[in-house]
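Let me begin by presenting the structure, written as structure tokens, before commenting on it.
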Amino acid sequence: MAASCSDNCGGARTEMALAVNAYNLKRAINVLGARRLIELLG
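As structure tokens, this is what we get:
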């Protein structure tokens, strides 16, 4: 029987969130350019 998701999905959820954030950051850099993104963040 498979373990319930409430026991061991926290790590997978965190890993997926990091992957999505990395993808979105790369996309923002491609769309805006690194310098413009740094200007907006800083």
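Numbering (this note's numbering) for the sequence shown: 3 to 44. The C-beta atom is built at its ideal place from N, Cα and C for all residues, glycine as well.
#1: Using three-state DSSP, classify Gly44 as helix, strand or coil.
#2: Hey, how far is the Cα of Met3 from the Cα of Leu39?
#3: Looking at the unbroken alpha helix (DSSP H) that takes in Gly13, where does it start and where does it end?
Working from what's here:
#1: Position 42 of the sequence shown, counted from the first residue, corresponds to residue 44. Note: Gly44 maps to coil in three-state DSSP.
#2: Here residue 3 corresponds to residue number 1 of the sequence shown, with the count starting at 1. Here residue 39 corresponds to residue number 37 of the sequence shown, with the count starting at 1. Residue placement at Met3 cannot be trusted, given a pLDDT of 46 that sits under 50; what the coordinates show is reported in the next sentence. Rounded to the nearest angstrom, the two C-alpha atoms are 48 angstroms apart.
#3: Along the sequence shown, one-based indexing puts residue 13 at 11. It spans 12 to 34 - the alpha helix (DSSP H) in which Gly13 sits, taken as one unbroken run.
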